[in-house]
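> Below: one structure in structure tokens.
4 protein chains.
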Amino acid sequence: MDFSAVLNNIHKQIQPLLGQGKVADYIPALAEVDKKQFGMAITLNTGECYGIGDYQHPFSVQSISKVFSFTLALRAYRQALYTRVGREPSGDPFNSLVQLEYEQGIPRNPFINAGAIVVCDSLISHFRDHKYNAQKETLHFIRECSNDDTINFDNNVFTSEMQHGYLNIALANLMKSFGNLNNDVDEVITTYFQQCSVVMNCQQLSRAMLYLAYHGRDPITGREFISGSQAKRINSLMLTCGHYDASGDFAFSVGIPGKSGVGGGIVAVIPGKMAIAVYSPALNKNGNSLAGTKALELFTTMTGLSIF
Amino acid sequence: MDFSAVLNNIHKQIQPLLGQGKVADYIPALAEVDKKQFGMAITLNTGECYGIGDYQHPFSVQSISKVFSFTLALRAYRQALYTRVGREPSGDPFNSLVQLEYEQGIPRNPFINAGAIVVCDSLISHFRDHKYNAQKETLHFIRECSNDDTINFDNNVFTSEMQHGYLNIALANLMKSFGNLNNDVDEVITTYFQQCSVVMNCQQLSRAMLYLAYHGRDPITGREFISGSQAKRINSLMLTCGHYDASGDFAFSVGIPGKSGVGGGIVAVIPGKMAIAVYSPALNKNGNSLAGTKALELFTTMTGLSIF
Amino acid sequence: MDFSAVLNNIHKQIQPLLGQGKVADYIPALAEVDKKQFGMAITLNTGECYGIGDYQHPFSVQSISKVFSFTLALRAYRQALYTRVGREPSGDPFNSLVQLEYEQGIPRNPFINAGAIVVCDSLISHFRDHKYNAQKETLHFIRECSNDDTINFDNNVFTSEMQHGYLNIALANLMKSFGNLNNDVDEVITTYFQQCSVVMNCQQLSRAMLYLAYHGRDPITGREFISGSQAKRINSLMLTCGHYDASGDFAFSVGIPGKSGVGGGIVAVIPGKMAIAVYSPALNKNGNSLAGTKALELFTTMTGLSIF
Amino acid sequence: MDFSAVLNNIHKQIQPLLGQGKVADYIPALAEVDKKQFGMAITLNTGECYGIGDYQHPFSVQSISKVFSFTLALRAYRQALYTRVGREPSGDPFNSLVQLEYEQGIPRNPFINAGAIVVCDSLISHFRDHKYNAQKETLHFIRECSNDDTINFDNNVFTSEMQHGYLNIALANLMKSFGNLNNDVDEVITTYFQQCSVVMNCQQLSRAMLYLAYHGRDPITGREFISGSQAKRINSLMLTCGHYDASGDFAFSVGIPGKSGVGGGIVAVIPGKMAIAVYSPALNKNGNSLAGTKALELFTTMTGLSIF
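Protein chains in written order, with numbering that gives the first Met the number 0: chain A, 0 to 307; chain B, 0 to 307; chain C, 0 to 307; chain D, 0 to 307.
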């Protein structure tokens with residue numbers, strides 16, 4: 000298939016959407032980006048990468064980082080992790096406390112904020128006696144997945160999040176009150192916001208997601224990060240829970256597993272075929288990249304590469 | 000692949016589970032079935048059918064009928080249907096009024112009871128001036144899909160549901176109060192309970208689901224029921240919403256689109272490959288067939304036929 | 000105290016409010032009333048009645064009837080009634096299903112619709128083998144309290160309610176599904192809407208409430224309807240739950256026990272002193288008479304007759 | 000009336016209840032108290048005080064302090080305070096986040112934890128440029144009301160609360176995220192827990208509450224703390240909201256305005272007559288003193304001093 004032509008075609012079709020939607024503005028570091036940016040990249044198991052637009056422009060991955068930290072936690076705890084975090088869609092906005100209170104401090108899945116905070120807590124415990132702490136290990140894992148040691152945190156974004164993260168701090172304290180955090184709330188929140196502040200571009204992200212398209216094993220380096228069964232389950236979770244309250248709609252219109260971030264990025268996986276990343280910072284009303292969602296929908300429609 | 004061997008193997012492995020779980024007991028007609036029954040059938044696009052155990056034993060399809068009525072409604076109304084029913088997982092038990100009240104009478108998806116009731120209402124309107132009414136048309140469509148004119152309603156189950164269906168009547172009245180039902184509540188509820196009372200066996204059900212595995216077209220008769228794009232979206236909905244509050248778990252452990260019924264049946268689809276039906280009346284705590292869910296999980300594990 | 004002067008003064012002060020607010024319009028029978036009407040009456044234990052404006056104009060008592068039916072049920076069942084209906088403020092709009100579902104079909108108090116429906120059900124059972132059925136007995140009791148045999152149901156309002164009462168029918172069916180209704184849903188709803196359709200004027204209503212101001216005994220006829228302890232508790236319930244989601248505000252600004260109806264009436268009691276009724280059909284955003292609430296606030300401010 | 004005899008009688012009758020219920024155990028400082036303690040005191044406008052049992056035994060006033068801080072805030076901000084905190088019963092447990100999230104960070108009333116935290120925030124702002132800060136001013140006001148300069152904070156309780164107050168910290172951060180706190184979350188929480196840690200006995204508490212029984216003016220010293228209208232409204236709020244989710248039940252069975260604390264204390268007011276305080280640390284399932292609630296119920300029954 001001529002992926003360059005497909006990307007070009009998509010790039011043209013989404014032009015009228017650029018500028019629509021709203022950039023995340025809860026912290027200055029995110030509010031200042033140019034809302035008309037758009038980039039998209041595909042990486043195949045051969046290592047070939049097709050890109051268009053701002054596909055090498057770095058941005059804040061935000062919630063996309065939850066995929067990496069969840070992978071690490073699943074590898075460390077396996078099934079035991081599910082006593083602390085569920086695997087069901089939430090049916091509520093991504094940072095709702097209602098569900099968390101109703102279900103006694105057990106988040107519905109690892110891709111809503113509360114679930115990712117629990118995952119961070121589990122990694123802090125797991126790496127407690129290791130040479131590196133949880134946030135360094137997570138960064139290290141992201142570098143491994145993308146085979147790129149230049150990836151790093153953005154301290155500006157991190158500091159900004161820490162100053163405005165009242166809702167996440169509320170979530171963490173609520174879970175602590177239910178006994179579902181084992182470490183100090185401040186340490187957990189710090190780790191969580193660090194992880195969210197990682198900066199990557201579409202090329203790096205599509206490269207980093209390949210292991211989920213290939214049964215847990217990086218098809219280029221041959222390194223196995225997780226088992227095929229675990230990879231399958233992470234993909235399943237991305238499909239049912241990867242886009243907060245719009246997960247059903249994404250599965251419905253795009254039809255492949257994916258995970259979005261409030262920074263405007265979305266990663267997606269076509270099992271056995273490729274990994275994709277798209278970036279456009281203006282968000283739709285559900286908090287997912289407006290042009291990015293449309294681009295992925297066009298991609299599966301044009302290529303027929305849905306999982307359904 | 001030797002599907003007979005796979006089914007035999009599954010049949011052996013699920014033996015210890017038979018008898019576990021609880022048969023639906025809210026109406027006598029369902030409570031009286033033998034809870035140790037188990038049957039499973041696969042139908043391929045060639046028409047070949049592999050079956051094991053009680054795969055020709057008829058049972059009440061219950062919520063599985065929602066797939067057929069939704070197909071009809073989607074064909075009749077296309078996108079316009081989504082102004083009245085959403086396509087997001089519910090995150091609440093299948094008959095919860097909380098969500099419905101909170102969201103002003105718009106059910107989250109067509110596979111929870113409230114959503115299926117709205118679908119019935121839409122079909123009543125659509126078939127108002129046709130020769131046959133909505134419930135007859137739905138039955139007729141089920142017969143078409145399964146290529147079997149012997150399929151029928153079970154009047155005993157229907158009557159029993161009507162006498163004990165307080166919660167569904169509450170749901171219907173609540174939606175009526177929000178203006179999301181256009182027809183008389185009694186007529187809607189009658190149509191809904193009729194549709195749920197349809198009796199089929201695994202062989203018939205797996206045959207009937209083939210159109211969803213093959214882009215909306217029955218691969219044996221060649222008849223096109225819906226477009227490929229619509230079929231893809233119904234599959235997506237089954238994956239994210241097909242098992243009530245355990246949809247995530249089903250996607251997670253089984254990894255293919257499916258729809259369960261409280262009568263103990265589950266249908267599932269492997270796009271481009273086959274349709275499957277399984278039956279075992281004892282339910283797990285989420286209201287899905289206990290042995291049936293496990294059988295499907297074994298099937299995808301043994302064959303590697305997940306969509307992820 | 001010169002109550003005539005007080006009423007005159009109030010009448011003047013509330014003039015600018017007449018016409019503000021919205022008349023209940025969910026049924027035609029209520030929507031058609033003149034929204035500028037205002038009447039107010041006080042009855043003392045001597046039988047003296049002071050009235051102003053439209054105080055002899057009959058109107059639909061609606062939820063005010065809940066006080067009478069609850070009195071009857073409390074007399075019949077005493078403490079046992081509280082296993083089926085609570086005595087806590089609801090914190091939710093008067094017809095919310097959320098709370099009812101969350102608390103397993105037990106309404107929080109007898110003055111929200113769900114609670115009053117349970118009370119009706121209990122009266123149907125209680126009067127099952129009596130000469131008269133629950134709705135006739137309730138009407139009879141209202142006539143006794145007001146010492147006026149001309150009071151009657153309004154069949155026009157009743158029929159209209161029956162045709163538009165989807166939400167109350169939903170509430171009743173939900174409670175039936177939880178096992179908190181013992182009688183046929185249709186019979187319960189019929190009884191409930193009959194009771195709501197009673198027509199009275201302010202003079203009759205203030206007369207009828209005297210027993211609650213005087214320890215359960217009508218101070219004029221000397222008839223004891225309930226015990227002093229029961230009267231005290233009904234007053235307490237009116238104070239904490241008598242005005243739906245605005246009960247706190249009413250207690251706060253008016254400071255005496257009362258009960259409002261969507262027809263525009265409010266009754267109130269000053270223990271040991273008098274009973275009051277006010278009528279003005281335009282409602283505030285909480286569904287209570289706008290001018291009526293203000294008139295009662297003025298009354299307690301002018302006379303200093305708060306219970307606090 | 001012979002109050003000594005009444006108290007003696009109550010003391011005898013509640014003996015079988017002592018030891019029933021559970022002492023608050025979320026912090027060690029509260030968990031260690033002797034659960035069989037019981038004390039009760041009445042103070043009249045003449046200054047006469049009648050006491051029984053452990054009525055001079057000091058205990059942690061906890062939520063009773065909310066009455067004092069709310070009085071200060073109402074004096075400072077008057078009606079403007081109600082833009083930030085409501086005056087309706089909550090219908091949910093005292094520390095529920097559900098309601099707070101649903102209502103955009105505006106607590107339903109000043110006597111649930113969230114409401115009292117907002118009140119603290121308002122006092123911090125109000126006393127920002129004063130000689131003393133909010134927590135010292137609140138302590139000072141409590142000393143004034145009780146005419147006793149020996150009253151103080153308990154640093155042990157305060158420290159313990161700070162270490163275990165995850166739920167309150169969650170509430171504060173949630174409100175901060177909604178913009179309903181103007182000051183630093185840590186400062187607000189510190190002020191809140193300091194206020195809760197005040198230690199008093201029944202004699203002091205009943206003395207301190209006299210101003211609410213006498214139109215806002217201390218009948219002994221003649222000092223006016225608030226207006227009569229404000230006192231009336233605080234009493235109304237205590238009646239409808241003073242006992243968390245059991246406020247209706249308290250109003251129902253006791254029939255006078257009151258406020259309970261998790262330390263086992265309850266204060267109550269009989270307008271124009273007296274103030275009462277009772278102490279017994281074992282709590283009922285709603286978090287209110289078990290023997291204390293019963294003692295107050297006996298008191299109003301024996302003396303007939305209900306407001307209804």
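Glycine included, C-beta positions come from ideal geometry on N, C-alpha and C.
Predicted model only: the values in this text are computed from it and were never measured.
Counting C-beta neighbours from all protein chains within 10 Å, is the total for H129 of chain C 16 or more, i.e. buried, or is it exposed?
With fewer than 16 Cβ atoms within 10 Å of its Cβ, H129 of chain C is classed as exposed.
> Which residues in the same chain have their Cβ closer than 8 Å to the Cβ of E186 of chain C, if we skip the five residues on either side of it in sequence?
So the qualifying residues of the chain are I123.
> Please determine, among D:M199, D:G221 and D:V198, the residue with the shortest C-alpha to C-alpha distance to L209 of chain D.
Measuring from the Cα of L209 of chain D, the nearest candidate turns out to be D:G221.
> Which residues of the segment 146-178 of chain A have a Cβ closer than 7 Å to any Cβ of chain D? Give them in chain order.
Listed by position, the residues of the segment 146-178 of chain A near chain D (Cβ gap below 7 Å) are Y165, L166, I168, A169, N172, L173, K175 and S176.
> In chain order, which alpha helix (DSSP H) runs of at least 4 residues are fully inside the segment 77-113 of chain A?
Counting whole runs of 4 or more residues, the segment 77-113 of chain A contains the alpha helix (DSSP H) stretches 97-101.
> Going by DSSP in three states, L304 of chain A sits in which element: helix, strand or coil?
The answer is coil: DSSP assigns L304 of chain A none of H, G, I, E or B.
> Going along chain D, which residues have a C-beta under 7 Å from F251 of chain C?
Result: R86, R232, S235 and L236.
> Would you say L96 of chain C lies against chain B (beta-carbon separation less than 8 Å)?
Judged by the 8 Å Cβ criterion, L96 of chain C is in contact with chain B.
> Which first and last residues belong to the beta strand (DSSP E) in which M39 of chain C is found?
G38 to L43 is the span of the beta strand (DSSP E), which, as asked, contains M39 of chain C.
> For chain A, is any of its Cβ atoms less than 8 Å away from the one on E102 of chain D?
No, its Cβ sits nowhere closer than 8 Å to a Cβ of chain A.
> Can L211 of chain B and A250 of chain A be called in contact, C-beta distance under 8 Å?
No, they are not a contact pair.
> At what residues does the beta strand (DSSP E) containing A267 of chain B begin and finish?
Where A267 of chain B is concerned, the enclosing beta strand (DSSP E) stretches over G264 to I269.
> With C-beta atoms as the reference, is K65 of chain C less than 8 Å away from P109 of chain C?
Contact: yes.
> Taking DSSP as the reference, what is the three-state secondary structure of E31 of chain C?
Looking at E31 of chain C - three-state DSSP - the assignment turns out to be coil, as it is neither helix nor strand.
> Looking at the structure shown, is Y210 of chain A part of a helix, part of a strand, or coil, going by DSSP?
Three-state DSSP puts Y210 of chain A in a helix.
> For M273 of chain D, report the span of its alpha helix (DSSP H) as first-last.
Where M273 of chain D is concerned, there is no enclosing alpha helix (DSSP H), although the beta strand (DSSP E) it sits in stretches over M273 to Y278.
> Under 8 Å Cβ-Cβ, which residues of chain B neighbour G90 of chain A?
In chain order: E87, P88, S89, G90, D91, Q98 and R107.
> Please classify N200 of chain A: is it buried, with 16 or more other beta-carbons within 10 angstroms of its beta-carbon, or exposed?
Classification of N200 of chain A: buried, given that the 10 Å Cβ count is 16 or more.
> For G262 of chain A and H163 of chain D, what's the separation of their Cα atoms in angstroms?
The straight-line gap from Cα to Cα measures roughly 35 Å.
> According to DSSP, is L283 of chain C helix, strand or coil?
Looking at the sequence provided, one finds Asn at residue 283 of chain C rather than Leu. Residue state, collapsed to three classes: coil.
> Pull up the distance between the alpha-carbon of R127 of chain D and that of L180 of chain D, whole angstroms please.
Cα to Cα, R127 of chain D sits roughly 14 Å from L180 of chain D.
> Using a beta-carbon distance below 8 Å, is I265 of chain C in contact with chain D?
So, not an interface residue.
> Quick one: what's G215 of chain C bridged to in DSSP?
G215 of chain C is not bridged to any residue.
> Using a Cβ-Cβ cut-off of 8 Å, state whether I111 of chain A counts as contacting chain B.
No, no contact with chain B.
> Can you give me the Cβ contacts of K258 of chain D inside the same chain, cut-off strictly under 6 Å, excluding the 5 residues immediately before and after it?
Cβ neighbours of K258 of chain D beyond the five flanking positions: I63, V66, M237, G241 and V266.
> Would you mind working out which of C:Y76, C:M39 and C:D248 sits nearest D120 of chain C, comparing C-alpha positions?
Closest option to D120 of chain C, Cα to Cα, is C:Y76.
> At the level of alpha carbons, what is the spacing between T300 of chain B and F298 of chain A?
The alpha-carbon atoms of T300 of chain B and F298 of chain A are separated by roughly 29 Å.
> Decide if the segment 0-18 of chain C is in contact with the segment 280-296 of chain C; the criterion is three or more beta carbon pairs, one per stretch, under 8 Å apart.
Touching, yes.
> Less than 8 Å between CB atoms is the rule here; does C201 of chain B satisfy it with respect to chain A?
Not an interface residue.
> At 9 Å on the CB atoms, spell out the chain A contacts of G254 of chain B, in chain order.
Those within 9 Å of G254 of chain B in chain A are K231, R232, N234 and S235.
> When burial is assigned at 16 or more other CB atoms within 10 Å of the CB, is A230 of chain B buried or exposed?
Label assigned to A230 of chain B: buried.
> With a Cβ-Cβ cutoff of 8 Å, do V117 of chain B and V97 of chain C count as a contact?
No, the Cβ-Cβ distance between V117 of chain B and V97 of chain C is not below 8 Å.
> DSSP has C48 of chain A in a bridge; who is on the other side?
Answer by DSSP bridge pairing, in chain order: A:T42.
> Would L295 of chain D and I275 of chain D qualify as a contact pair, given that the criterion is a beta-carbon distance under 8 Å?
In this structure, I275 of chain D lies closer than 8 Å to L295 of chain D by Cβ.
> Please report the distance separating the alpha-carbon of D153 of chain C from that of Q203 of chain C.
For D153 of chain C and Q203 of chain C, the distance between alpha carbons rounds to 16 Å.
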